[in-house]
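What follows is a short report on a single structure.
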Amino acid sequence: MNSENTFKEVAGRKNFGPEHALVTTPQPCVMIATWDADKTPDVMMAAWAGQYDFKQIVVSLSNHKTTKNLERTRAFTVSFADARTVAESDYFGLVSGNKVADKVAKVGFSVTPSPNVDAPIIDQYPLTLECKVISWADGILVGEVVNMSADESILTDGKVDLAKLQPIVFDAAAMCYRAIGEEVGKAWGAGKKFTE
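Numbering (my numbering), first residue to last: 10 to 205.
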């Protein structure tokens, strides 16, 4: 029974309505790292993030220790959780930095200070974006990427190889993480068969 205040069902499909957790899935599992006031590294998992422009990233964040750090330093790094770091990355999303003083040390990870922004680089994540805050309002963080660094282990012919990185994504339907990396077609090429 649908009223004019609710959605209308699409025939021939299972309809979930607007309140279902599966809004846009999969979501990249990005790790936002900042410094505390005493230079202790803090890292959290954020699943609502994406590329905003050619050199910008956008992240939706509620109030966290990370957001307090962002207000102070105006800088952060973004790394990508991968198949090798699922447990550690999930822990960073489960536990608040307000309750555990040094989550990075707790999982046995180490950091290197970014040479470009006032934020830590988590050494165990092989791909990192170093960012400065462009804007931070109403829970939406926009950062400008000033450098991207990658470990040689995830490169092929000098480019980041997702098959080697094996980044994970959050699957809201199954409430799990999935690794990506298999190539299924060439961008700006697979569809050319319809242009002939």
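Ideal Cβ positions, reconstructed from N, Cα and C, are used throughout, including at glycine.
Computed from a predicted model, the values in this text were never measured in an experiment.
CA-to-CA distance, residue j to residue i, given in whole angstroms
{"i": "Pro37", "j": "Gly59", "result": "8 Å"}
{"i": "Val95", "j": "Ile131", "result": "14 Å"}
{"i": "Val109", "j": "Phe118", "result": "15 Å"}
{"i": "Asn125", "j": "Ile163", "result": "22 Å"}
{"i": "Val178", "j": "Val155", "result": "24 Å"}
{"i": "Met53", "j": "Phe25", "result": "30 Å"}
{"i": "Ala188", "j": "Ser144", "result": "31 Å"}
Reduced DSSP secondary structure (H/G/I, E/B, other) of residue i
{"i": "Phe16", "result": "coil"}
{"i": "Ala92", "result": "helix"}
{"i": "Lys194", "result": "Residue identity check: residue 194 is Gly in the sequence provided, not Lys. Correct three-state label for Gly194: coil."}
{"i": "Arg22", "result": "coil"}
{"i": "Lys168", "result": "strand"}
{"i": "Ser71", "result": "coil"}
Cβ-based burial, residue i [other Cβ within 10 Å; buried from 16]
{"i": "Asp62", "result": "exposed"}
{"i": "Lys112", "result": "buried"}
{"i": "Thr15", "result": "exposed"}
**Message:** Threshold first: 4 residues or longer. Then list the alpha helix (DSSP H) segments lying entirely within the region 103 to 164, N to C.
**Reply:** 112 to 115
**Message:** Taking 8 Å as the cut-off, does the region 36 to 52 touch the region 75 to 87 (at least 3 CB pairs, one atom from each stretch)?
**Reply:** yes
**Request:** Specify whether the region 146 to 154 and the region 64 to 72 touch according to this definition: at least 3 beta carbon pairs, one from each stretch, less than 8 Å apart.
**Result:** yes
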